[in-house]
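Chain order of the listed sequences is A and B.
Numbering-wise (UniProt numbering), the first sequence opens with residue 1 and increments by one.
Numbering-wise (UniProt numbering), the second sequence opens with residue 1 and increments by one.
We put the CB at the ideal spot given by N, CA and C, even for glycine.
If you're wondering where the values come from, they're calculated on a predicted model, not measured in any experiment.
Accompanying notes for the structure given below.
2 protein chains.
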Amino acid sequence: MSSRADAPIGVFDSGVGGLTVARAILDQLPGEQLRYVGDTAHGPYGPLPIAEARRHTLAVTDQLVADGVKLLVIACNTASAACLRDARERYDVPVVEVIVPAVRRAVATTRNGRIGVIGTLGTIRSRAYEDAFAAAPDVRVTSVACPRFAEFVERGNTSGRQVLGLAQSYLEPLQRADVDTLVLGCTHYPLLTGVLQIVMGDGVTLVSSAEETAKDVFRVLTELDLLRGSLAEPAHEFLATGPAEPFTRLARRFLGPELGAVLGSPARAFSLDEPQPAPPDVATGSRYGPSLSGSVNGSTPAAAATPHER
Amino acid sequence: MSSRADAPIGVFDSGVGGLTVARAILDQLPGEQLRYVGDTAHGPYGPLPIAEARRHTLAVTDQLVADGVKLLVIACNTASAACLRDARERYDVPVVEVIVPAVRRAVATTRNGRIGVIGTLGTIRSRAYEDAFAAAPDVRVTSVACPRFAEFVERGNTSGRQVLGLAQSYLEPLQRADVDTLVLGCTHYPLLTGVLQIVMGDGVTLVSSAEETAKDVFRVLTELDLLRGSLAEPAHEFLATGPAEPFTRLARRFLGPELGAVLGSPARAFSLDEPQPAPPDVATGSRYGPSLSGSVNGSTPAAAATPHER
Numbered sequence: 001m002s003s004r005a006d007a008p009i010g011v012f013d014s015g016v017g018g019l020t021v022a023r024a025i026l027d028q029l030p031g032e033q034l035r036y037v038g039d040t041a042h043g044p045y046g047p048l049p050i051a052e053a054r055r056h057t058l059a060v061t062d063q064l065v066a067d068g069v070k071l072l073v074i075a076c077n078t079a080s081a082a083c084l085r086d087a088r089e090r091y092d093v094p095v096v097e098v099i100v101p102a103v104r105r106a107v108a109t110t111r112n113g114r115i116g117v118i119g120t121l122g123t124i125r126s127r128a129y130e131d132a133f134a135a136a137p138d139v140r141v142t143s144v145a146c147p148r149f150a151e152f153v154e155r156g157n158t159s160g161r162q163v164l165g166l167a168q169s170y171l172e173p174l175q176r177a178d179v180d181t182l183v184l185g186c187t188h189y190p191l192l193t194g195v196l197q198i199v200m201g202d203g204v205t206l207v208s209s210a211e212e213t214a215k216d217v218f219r220v221l222t223e224l225d226l227l228r229g230s231l232a233e234p235a236h237e238f239l240a241t242g243p244a245e246p247f248t249r250l251a252r253r254f255l256g257p258e259l260g261a262v263l264g265s266p267a268r269a270f271s272l273d274e275p276q277p278a279p280p281d282v283a284t285g286s287r288y289g290p291s292l293s294g295s296v297n298g299s300t301p302a303a304a305a306t307p308h309e310r
Numbered sequence: 001m002s003s004r005a006d007a008p009i010g011v012f013d014s015g016v017g018g019l020t021v022a023r024a025i026l027d028q029l030p031g032e033q034l035r036y037v038g039d040t041a042h043g044p045y046g047p048l049p050i051a052e053a054r055r056h057t058l059a060v061t062d063q064l065v066a067d068g069v070k071l072l073v074i075a076c077n078t079a080s081a082a083c084l085r086d087a088r089e090r091y092d093v094p095v096v097e098v099i100v101p102a103v104r105r106a107v108a109t110t111r112n113g114r115i116g117v118i119g120t121l122g123t124i125r126s127r128a129y130e131d132a133f134a135a136a137p138d139v140r141v142t143s144v145a146c147p148r149f150a151e152f153v154e155r156g157n158t159s160g161r162q163v164l165g166l167a168q169s170y171l172e173p174l175q176r177a178d179v180d181t182l183v184l185g186c187t188h189y190p191l192l193t194g195v196l197q198i199v200m201g202d203g204v205t206l207v208s209s210a211e212e213t214a215k216d217v218f219r220v221l222t223e224l225d226l227l228r229g230s231l232a233e234p235a236h237e238f239l240a241t242g243p244a245e246p247f248t249r250l251a252r253r254f255l256g257p258e259l260g261a262v263l264g265s266p267a268r269a270f271s272l273d274e275p276q277p278a279p280p281d282v283a284t285g286s287r288y289g290p291s292l293s294g295s296v297n298g299s300t301p302a303a304a305a306t307p308h309e310r
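Here it is in structure tokens:
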């Protein structure tokens, strides 16, 4: 295994959204090391002119490549729309972005050939998704900019009446277009799948560009024999071009819960030979521990009342 | 908002796998509190007889419900197969499990009506997925037990030749059956999507029971008006019926990367008015900071070499 394979994967985003991509990569590839840069000094890119998003992106990705990453992930839809081709031409490491993987998945998924795309203003205005769908002429693409979604996600406001109403108004054109597949064309949106699925209905399949991009990273590293071989515990770096706060606070939200203390039972031998678990009130020791299943009473703690029907 | 709505969501699994469900729930509902119990004293349930898995499960879920959770998630396919109906009858809180949500999604996704299911021995032997697909008589279901996958995931061995070979041999009957949709019927398997997608090919859509279950939790809490209203920072509990180690070590892997220290730049005003970013070697201050984009040189750091083609 070459030392190149042991180099980190570079992940770029305009802010914290790309952390959904970073996390999906580490889900699949827990032995890899990441160097993540969020360009919070200039992001969010959504409202910026393409040329400006491009300059900001290349400034950071130039540095990532110069620092020796083995693969570059442009984990931002707006930046991918702005400069994928520049990045491919510019760097001698493989470049993975977020648009093509999601488009490939959407084309493989749709049944009626009607696909919706939601994203930032910058992404939708760039028509980058329409371009990426060009090879599937039978597909009808309907794109809608959802400029306020990212802000709702960053506030943690992803359930309840307000975001539901917002989603209903944004997604109405997609429902009218009868799409059966919806591409989440912004790395913030995997944190909105609950509300998006409710509004679009069960018949619509959501495609996460974060998850599909991670699969692409997996595939490229496998094909190029660039999987990290080192057995040393991987170390990740998270960098922001702006102040460490509020990046840190938001990033925790995007990376998901941290474990904290775990309450466990002491290890011991245990055999289960009674048909009924004990009711909770006779439990001794750790309430959830092996001792619970061993003591017996026979009554069931909660009588059947209002079983939940779906 | 009632105090019932402020109660935690109970999440049960035989071990750490249900943490992929827990994480997906908190992605959608960052304001909710979780009480997670992994029955590591008796898990994994995969190889157990159904009756035994049922007794172990109910012993823990009785306690969770007695402790006042507002909704119970059976975040384990084997446990869901063993005792969904018991749990529905037994408890006066809504119960969400992992099989029905994934089946609903798979039926909405398939184009050729051929769906594959992979899971533990216990899950596959129970034929719980076949039962859940009963309402879709045109669907042909092919189920395959993949007993060693969970152990590979827990070792972090999810890429490279060994797991690829294992996946190729497990999935061969599903390829022969020409499935276009594959249900990941075990909460460990979302950490295998990279290798599963490579082996099954791009034309196959993977359905994660973790993600679909989280959407179901979102839907049920929304419909029943049980979303947490408290603005206090949510606190989660992670419990194991066995020793805290190795649950803790594995759980970190399943919950994904933690942030650690973030390297940021001091906040300052910055205007971008030069077309070319500086090459890395003239960067001053924070390498990725705003100062980088402000200094100008005009050369591109890496000449076009071997652009990556897909």
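Sixteen is the threshold: since fewer than 16 other Cβ atoms of the shown chains lie within 10 Å of the Cβ of A/Gly-260, the residue is exposed. The beta-bridge partner set that DSSP reports for B/Gly-38 consists of B/Asp-13 and B/Ala-240. Going by beta carbons, B/Thr-187 and B/Thr-20 fall inside the 8 Å limit.
Between the region 211 to 219 of chain B and the region 130 to 149 of chain B, the count of Cβ pairs shorter than 8 Å is below three; the stretches do not touch.
Below the 7 Å Cβ cutoff, chain B contributes no neighbours of A/His-188, its closest Cβ being approximately 11 Å away. Taking 8 Å as the threshold, the shortest C-beta distance from B/Pro-30 to chain A falls below it. Contact between B/Val-207 and B/Arg-105 holds, since their C-beta atoms are separated by about 5 Å, short of 8 Å. Taking a C-beta distance under 8 Å as the contact criterion, A/Gly-31 and B/Gly-156 qualify as a contact pair.
It is roughly 38 Å from the alpha-carbon of A/Leu-239 to the alpha-carbon of B/Gly-242. Neighbours of A/Val-262 in chain B, taken as residues at a C-beta separation under 8 Å, are given in chain order as Phe-238, Leu-239, Ala-240, Ala-244, Phe-247, Thr-248 and Ala-251.
For B/Asp-178, the closest Cβ of chain A is not nearer than 8 Å. Taking 8 Å as the cut-off, the beta carbon of B/Ser-14 is found closer than this to the beta carbon of B/Ala-79. Taking the CA atoms as reference points, B/Ile-124 sits about 42 Å from A/Val-69.
Within the same chain, and ignoring the five residues on either side of B/Phe-254 in sequence, the residues whose Cβ sits closer than 8 Å to its Cβ are Val-16, Gly-17, Leu-19, Thr-20, Arg-23 and Leu-191. In the three-state DSSP reduction, B/Gly-165 falls in the helix class (H, G or I). Among the residues of chain A, none has a CB under 8 Å from the CB of B/Pro-173; the nearest is roughly 21 Å distant. At least one CB atom of chain B sits nearer than 8 Å to the CB of A/Glu-258. DSSP places A/Ser-209 in the helix class (H, G or I) of the three-state scheme. Contacts with chain A at 8 Å (Cβ-Cβ) include B/Asp-27. When DSSP assignments are scanned along the region 60 to 131 of chain B, the uninterrupted stretches of alpha helix (DSSP H) that are 4 or more residues long and fall wholly within it turn out to be 77 to 90, 99 to 109 and 121 to 126. In this structure, DSSP gives B/Arg-140 an extended state, which the three-state scheme calls strand. Taking CB atoms only, A/Lys-215 has a neighbour in chain B less than 8 Å away. In this structure, A/Val-73 and A/Val-11 form a Cβ contact; the two beta carbons are roughly 5 Å apart against a cut-off of 8 Å.
Per DSSP, reduced to three states, the secondary structure at A/Leu-184 is strand.
Judged by beta-carbon spacing, B/Leu-184 lies beyond the 8 Å limit of B/Leu-71, meaning their Cβ atoms are not closer than that value. Contacts between B/Gln-168 and chain A, judged by CB atoms closer than 8 Å, are missing: the closest CB pair is about 13 Å apart. Secondary structure at A/Ala-135: coil, using DSSP grouped into helix, strand and coil. The C-beta of B/Ile-99 comes no closer than 8 Å to any C-beta of chain A. Residue-level contact by beta carbon holds for B/Leu-191 and chain A, with a gap shorter than 8 Å.
Pairing A/Val-153 with A/Pro-47, the inter-Cα distance amounts to about 17 Å. Bounds of any alpha helix (DSSP H) do not take in B/Gln-33, whose DSSP letter is neither H nor E. With contacts defined as CB atoms closer than 8 Å, A/Gly-194 and B/Leu-29 qualify as a contacting pair.
In the three-state reduction of the DSSP assignment, B/Ala-7 falls in the coil class.
B/Gln-33 is outside the set of residues whose beta carbon lies under 8 Å from a beta carbon in chain A. Against chain B, the CB of A/Leu-84 has no partner CB under 8 Å away; the residue lies outside that interface. An exposed status is given to A/Arg-4, since fewer than 16 other beta-carbon atoms sit within 10 Å of its beta-carbon.
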